[in-house]
Structure formats: C-alpha cells, structure tokens
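The structure under discussion appears below in the form of structure tokens.
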C-alpha cells in the first residue's frame, strides 16, 4: 500500500450482494496500517450465535490479492462464539485487515465463499475524511476579528463570527419522537470566497458549509456536504432579523442510520435545527 497519512471512511457502503441480511456493514475505515470494518448484527428477535472465522479476508475487485484477518474486536474467533438472545438482539463488532491502497474503489469481504457471511461489491468512498487543502489562513478568533475589523465597511451582512446552536430530533412517521442530545454551541466564522461564503471553525478548519446569495433581503441558500456519506443537503435561509436566523434540515439517511444504529428505520427522519446569532462585528443597532 502506498504511504498516505489521510484516512478514508465509508459509512453504510453500497453493496452489490450479500449472503446474510441480519449483518450490516456500518463503516469501513482505511488508514496507514489497517482496513477496519465495523459490523452490526441484528438478530431481529431470534436467538442465535455469532463468531468470526480466521479465514476472513478482503479482496479488491478485479484482483486476486487477498488480505487476511489480523484481529477481531468484540467478536470471538471461531470455534468460540457469543450467544445472542432476546435480551441482546443487537451486536456490534470490528474486523481488522491489512491496509489497502486508498485508490481501490470496490472490495469483497469474505468469510467463507460458500457458507460464511460474505459481502460482494462493497463500494468505498474515494474522498479522504478531512481535506488537507481547504482550510483558512486564520487560526484563532483574534485573527478572524482582526480581518473583519480591517474590512468592516465592505462586509456582507452574513460575514463575521457567529454563535451557532444545533439540536437534533428524531421523527418517526413525521411525528416527533425525541431530542437526541442537549443543544450544542460553538463559534464559527463566515468568510467571503467570491461566489459564496464559507464557514470555518475558530482554528481555521473547514465545516463544509457554504452560503449562496439567492436574492436581496437577506435570503441565502445553505449547503452542507457530509463527506463520510458523500451527500449534500440544501436549506433556504432568511435573515429576517439583523444578526440572527434559524433553519432546519434533514440529515442524510445514511448518516442518520449510522448515528442511530438499531433505532433508525425506513421512513424515519433525523432533523437538525440550527440557530445563528452574530457576535462579531456587531452593527450599530446591535451594539450597546
């Protein structure tokens, strides 16, 4: 495998065929050392048992090279086994294989070609988890404030430092079920990038969030890219009150399913509500 410091993660990969429906691949991580496969076993109310064969291997498509299991985490190696009963019908475990070249787009994951739990045509995410190039030159709130102060007269109203508060909620059949967590608050900076505005954390890391002007009167198109599932969501934003707006969008289904393993089913929705309050620079109307 070529040396690569980046990590490649695929959430709920697309699979062409598999031999058992009660086991799902929830994540595949490719790093410098390992190919790590996370799996989720749902007995669906039936009693049974599970173990991992020492003969497990992964094989890049259109290749004869096999990379055999190095170790298993949270699952015994056969003939040892773990029993699954009605009180424990969900089981998570990991399989560790040697690393593969991140340019590989599709693999087979095979226990036993005829009798094991096998997955054929497993598609991998071609993009690294974190971009090494799309970061901001500013690395602290002080640096962002200095920049905004130096250009304060020409800033678009959406540019600046904002307090962003998020809260996720789970809906079943369009009916509210529960909030998943307390509100999460963080500070972010929104910068002009030419044809759009980009969102960064205070250390300069990109949030993969962009705003596009769609009309006068504080109307923007919000886009957020979920790299781990290679999906982009859009949401319309209307800044009705200067320095404040809020909006809600549905989190991509694969990412929602990963966040709520065993609790997210077809027809469910995981919504994210965002509230934005500008904290720098403040307009004369907001200043005290």
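Numbering (our numbering), first residue to last: 5 to 292.
Backbone N, C-alpha and C fix where the C-beta goes; we use that ideal spot for every residue, glycine too.
These numbers were taken from a predicted model, which means no experiment stands behind them.
Checking 7 Å against the spacing of the C-beta atoms, do residue i and residue j come in under that value?
i: residue 216; j: residue 200; result: yes
i: residue 64; j: residue 13; result: no
i: residue 100; j: residue 81; result: no
i: residue 11; j: residue 133; result: yes
i: residue 123; j: residue 115; result: no
i: residue 147; j: residue 194; result: no
i: residue 41; j: residue 32; result: yes
i: residue 62; j: residue 24; result: no
i: residue 224; j: residue 239; result: no
Which same chain residues end up closer than 6 Å to residue i when comparing Cβ atoms and leaving out the 5 residues on each side of it in sequence?
i: residue 97; result: 43, 78 and 79
i: residue 280; result: 166, 168 and 249
i: residue 22; result: 123
i: residue 154; result: none
i: residue 258; result: 15, 16 and 233
i: residue 156; result: 285
i: residue 213; result: 203 and 228
i: residue 51; result: 89
Taking C-alpha atoms, which residue in the options lies nearest to residue i?
i: residue 248; options: 21, 285, 255 and 273; result: 285
i: residue 170; options: 41, 160 and 183; result: 183
i: residue 47; options: 95, 158 and 254; result: 95
i: residue 264; options: 225, 117 and 185; result: 185
i: residue 58; options: 67, 71 and 66; result: 71
i: residue 119; options: 60, 262, 254 and 39; result: 60
Which whole-angstrom value describes the C-beta separation of residue i and residue j, a residue pair presumed to lie in contact below a C-beta threshold of 8 Å?
i: residue 250; j: residue 166; result: Going by Cβ atoms, the distance from residue 250 to residue 166 rounds to 12 Å, so no, they are not a contact pair.
i: residue 192; j: residue 203; result: 5 Å
i: residue 1; j: residue 45; result: One cannot answer for residue 1 here, as it falls past the ends of the chain, which runs 5 to 292.
i: residue 172; j: residue 276; result: 5 Å
i: residue 161; j: residue 222; result: 7 Å
i: residue 246; j: residue 287; result: 6 Å
i: residue 278; j: residue 260; result: At roughly 16 Å, the Cβ-Cβ gap does not stay under 8 Å, so residue 278 and residue 260 are not in contact.
For residue i, verify whether its CB is less than 6 Å away from any heavy atom of the ligand PLP.
i: residue 54; result: This structure lacks the ligand PLP; in fact it carries no ligand of any kind.
Leaving out five residues before and five after residue i in sequence, what residues of the same chain have Cβ atoms less than 8 Å from its Cβ?
i: residue 19; result: 29, 123, 124, 125, 126 and 127
i: residue 56; result: 73, 76, 79, 80, 81, 82, 97, 99 and 115
i: residue 53; result: 85, 86, 87 and 88
i: residue 244; result: 222
Here's a check: name, in chain order, each residue in its chain whose Cβ is nearer than 7 Å to the Cβ of residue i, leaving out the five neighbours to either side.
i: residue 256; result: 230, 233, 235 and 237
i: residue 196; result: 160 and 163
i: residue 37; result: 103
i: residue 108; result: 64 and 128
i: residue 181; result: 174 and 175
i: residue 158; result: none
i: residue 151; result: 142
i: residue 69; result: 63
i: residue 117; result: none
i: residue 67; result: none
Quiz prompt | the stretch 98 to 115 contacting the stretch 126 to 133, beta-carbon criterion three pairs below 8 Å | solution = A contact exists between the stretch 98 to 115 and the stretch 126 to 133.
Practice problem: Please determine if the stretch 201 to 220 and the stretch 140 to 148 are in contact, where contact requires at least 3 C-beta pairs separated by less than 8 Å. | Solution: Under the three-pair Cβ rule at 8 Å, the stretch 201 to 220 counts as touching the stretch 140 to 148.
Practice problem: Indicate whether the contact test is met: 3 or more Cβ pairs, each with one atom in the stretch 170 to 187 and one in the stretch 266 to 275, closer than 8 Å. | Solution: The stretch 170 to 187 makes contact with the stretch 266 to 275, as at least three CB pairs between them are under 8 Å.
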